[in-house]
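Here's the structure, in structure tokens; my notes come after.
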Amino acid sequence: MDQLLQHVLNAVVLGGTYALLGIGLTLIFGVMKVANFTHGELYTFGAYMAYLLIGPLGLNFFLGLLIAVLLGVLLGAVIEYVLLRPLQGAHMDTVMLVMIGAWIALQNLELLTWGGVAKSVPQPFPTEPLVIGSVSVAPLRIFVLLAALVLLAVFYLILNRTKFGIAIRATFQDPDVSSLMGVKINQMFTLTFAIGSGLAAAAGALLAPVFVVIPIMGDLVTLKAFAVVILGGLGNIVGATIGGFILALAEEFGAGYIDSGYRDAIGFILIILVLLLKPQGLFAPRERTG
Amino acid sequence: MRKTLPLIAAFLSITSASANEPIKIGMSQPLTGDIAASGTYVANGAKVAVDVVNRSGGVLGRQIQLILEDNKSNPKEAVATAEKLLSGDKVPVLLGAWGSTLTLAIMPRLLDYKVPMIVETASSSKVTNSGNPWIFRISPPSSLEAKAFGETLLDKFNPAIKKADMLVVNNDWGRGAADEFTKLLRSKGIEIGAVERMTADATDLSAQLAKIKQAGGDTLFVTTSIEQLTLVLKQAQEQRLPQRIVSTGGATAPDQLIEQAGNAANGSYHIVFFTPWFLDAAPHAEVARTFVDEWKKKGYNAAGLTDGYRGYDGILTAVQAIKDAGKAEPEAIRQALWNVNVKGVNGDIKFTKVGPDGSESGQSIPSIFIVQIKDGKVIKP
Chain A
5 MDQLLQHVLN AVVLGGTYAL LGIGLTLIFG VMKVANFTHG ELYTFGAYMA
55 YLLIGPLGLN FFLGLLIAVL LGVLLGAVIE YVLLRPLQGA HMDTVMLVMI
105 GAWIALQNLE LLTWGGVAKS VPQPFPTEPL VIGSVSVAPL RIFVLLAALV
155 LLAVFYLILN RTKFGIAIRA TFQDPDVSSL MGVKINQMFT LTFAIGSGLA
205 AAAGALLAPV FVVIPIMGDL VTLKAFAVVI LGGLGNIVGA TIGGFILALA
255 EEFGAGYIDS GYRDAIGFIL IILVLLLKPQ GLFAPRERTG
Chain B
-15 MRKTLPLIAA FLSITSASAN EPIKIGMSQP LTGDIAASGT YVANGAKVAV
35 DVVNRSGGVL GRQIQLILED NKSNPKEAVA TAEKLLSGDK VPVLLGAWGS
85 TLTLAIMPRL LDYKVPMIVE TASSSKVTNS GNPWIFRISP PSSLEAKAFG
135 ETLLDKFNPA IKKADMLVVN NDWGRGAADE FTKLLRSKGI EIGAVERMTA
185 DATDLSAQLA KIKQAGGDTL FVTTSIEQLT LVLKQAQEQR LPQRIVSTGG
235 ATAPDQLIEQ AGNAANGSYH IVFFTPWFLD AAPHAEVART FVDEWKKKGY
285 NAAGLTDGYR GYDGILTAVQ AIKDAGKAEP EAIRQALWNV NVKGVNGDIK
335 FTKVGPDGSE SGQSIPSIFI VQIKDGKVIK P
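Protein sequence lines, in the order shown, are assigned to chains A and B.
Position in the first sequence (first residue = 1) + 4 = this note's numbering.
Under this note's numbering, the second sequence has 200 at position 216, and the numbering climbs by one with no breaks.
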């Protein structure tokens, strides 16, 4: 029982960041129909910026995280403007190849800038864990979970309660019609990509002090973000949020009760099952056909 | 005339090659990827050794040239680096390739090209047991490490180990270490609890640690790269793991752990093959001191010394073999390797035959030490 509770707690903490990664990716896919392979690199970028700002530059921890996220938003906007805008109307495969190229280029740039040795981000929380009964968790991880939940809430508010959110959702459903309604599609694309990238950078910046920062950290993250998105259904934002938590739970319980050596494989086995049995994702809205 | 011209050309190229050109030594290391830190340290150690050798006149009157290739912590890339070094650069001797999986991937190529390789880090028993007569290993396989641990280090633990758990990286190295240490500990009457594995690029190890916490052992043996060990230490502290942690494999650079894991590293034990903190304890203190001095002169990170010595000893071994062979040719170097006796940073390097009869690999018996991190400092336990 103790072990069960510990696994649940671990999964919930991890699930929050998976959800951040997932909704960023699914938003970009939903609005722009772009399979964003640079997602993991934005995560890495967020982590390195957090390291740079909090470590060598000595900024306040929370301010450092905030700026790291904003820089992620900025980088996302730049990538959209420089790489994706000229490719509007190009075949999806072409865009995908360009994004894979960008992924490799960004990763090598990180390696060139930071070297291969892992970096550690200092953090202000006590390292003594909080112990509740037989379950324990680091204060830092609680902060990561809370920050992820706040970001998720803010994101939902923006999407559902603002004019900008309506515009995004309209573009999501039909770019042509929404452009007739006066939505500036190009602007929407840049903003969408910037926000999606910012969410990835936020996940990276938040997890940087929990883990260590290395140039290849984004590879597995890109795969996992896709896993989350496929679980929830491509372009389904609520699905991606729940998918994030489901993936974390599956991994944690798979590792805890089946075989820890296959921890990362378990998530992908789950995806294969979903694709076989319910290819539109676990939470696909029923009314959308054709 | 048509026949003599190529002959003359060939003759000229041979003479000019042997007289002036440096002797190439090929090296494949993970300079990027999961185990980049350690691979870079080993490569730096090799560079230091090449400098020291060249400054004292080189070997056979020629300079040494290190040709370093990045195998990206990836077995496929490792084969590509070997292919490039063997067929492109035509090196007469190789050094590499850090990981067991990487080394095992390269080994068939040595049989094809008939070039010896000095193995500086890999510790899977498969490396020397697969009947590859071109392999000469200076690092201890997990079996030797476990044996030496049982003989010299086990009684240093107070209170004594009664029940041990294992957490290893899920590759040839980690699984081999888990098998060998399980065997050794069981033979000493120590109970084995949980044996958990983690993929090399996994960052969240909370599930494994939660399981280990429940297993109720007093000591956790961890075998993995320094990046992942840092995460293990941090997350073990988060989950309040009661076990004392012992890292095996000698690739754990305690100074880097202190820097990156902070106080989560306190209390942990590390098996190392070189103790730069206690230079006088080195089997050949003067060799160790030269290595450390030159390393610092180059401005390399002191945390890398515990890994860097492998590259240094590897080059010293290759150079000695070339010198004894009297020529830089693969088969002659292989023959000479059987008879070298090198005073290395780790200790005496000389090879004994292991593996199937008729196609034995060489294995040197290295020294092994244990250190503890206490209050952010490395001490002898």
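For glycine and all other residues, C-beta sits at the position ideal for the given N, C-alpha and C.
In this structure, Ile7(B) and Gln49(B) form a Cβ contact; the two beta carbons are roughly 7 Å apart against a cut-off of 8 Å.
Judged by beta-carbon spacing, Leu79(A) lies beyond the 8 Å limit of Ala229(A), meaning their Cβ atoms are not closer than that value. Note on the segment -3 to 75 of chain B: whole alpha helix (DSSP H) runs with a minimum of 4 residues are 20 to 39 and 59 to 67, in chain order. Here the C-alpha atom of Lys280(B) lies approximately 40 Å from the C-alpha atom of Ala191(B). Unbroken alpha helix (DSSP H) stretches of 4 residues or longer found wholly inside the segment 68 to 136 of chain B: 84 to 97, 110 to 113 and 126 to 132, given in chain order.
Within chain B, the residues Ala191, Ala194 and Lys195 have their CB atoms less than 7 Å from the CB of Gly260(A), given in chain order. Judged by DSSP in its simplified three-state form, Glu344(B) adopts coil rather than helix or strand. Less than 8 Å separates the beta-carbon of Thr214(B) from that of Gln244(B). With respect to Val125(A), Val217(A) sits close: the two C-beta atoms are nearer than 8 Å. Taking 8 Å as the cut-off, the Cβ atoms of Ala72(A) and Leu61(A) do not count as close. In the three-state reduction of the DSSP assignment, Lys282(A) falls in the coil class, being assigned neither a helical nor a strand state. The DSSP-derived three-state label of Met182(B) is strand.
Remark: C-beta atoms of Leu150(A) and Val16(A) do not approach each other more closely than 8 Å.
Annotation for Val102(A): Leu87 and Leu91 place their beta carbon closer than 7 Å to its own, counting only its chain and skipping 5 residues before and after. Within the model, the alpha-carbon separation for Ser40(B) versus Ala81(B) is close to 27 Å. Buried is the label assigned to Pro76(B), since at least 16 other Cβ atoms lie within 10 Å of its Cβ.
With a 10 Å radius around the Cβ and a threshold of 16 neighbouring Cβ atoms, His95(A) comes out exposed. Rounded to whole angstroms, the gap between the alpha carbons of Pro260(B) and Tyr253(B) is 16 Å.
Interface annotation, His43(A): not in contact with chain B, CB-CB separation never under 8 Å. Residue contact check for Ala33(B) against chain A: no CB pair falls below 8 Å.
The alpha carbon of Asp96(B) has as its nearest neighbour, out of Ser114(B), Leu70(B) and Leu79(B), the alpha carbon of Leu70(B). Residues are counted here when their Cβ sits less than 7 Å from a Cβ of chain B; for the segment 118 to 136 of chain A these are Gly120, Val121, Ala122, Ser124, Thr131, Pro133 and Val135, given in chain order.
Considered as a whole, the segment 199 to 277 of chain B harbours 210 to 222 and 238 to 245 as its complete alpha helix (DSSP H) runs of no fewer than 4 residues, in chain order. In this structure, the beta-carbon distance from Pro92(B) to Ser107(B) does not fall below 8 Å. A check of alpha carbon separations from Asn285(B) across Ala265(B), Pro238(B), Ala249(B) and Leu263(B) identifies Pro238(B) as the nearest. The Cβ atoms of Met36(A) and Phe197(A) lie closer than 8 Å to each other. Glu256(A) counts as buried, since no fewer than 16 other beta carbons sit within 10 angstroms of its beta carbon. From the listed residues Val232(A), Leu18(A) and Gly186(A), the smallest Cα separation to Leu279(A) is found for Val232(A).
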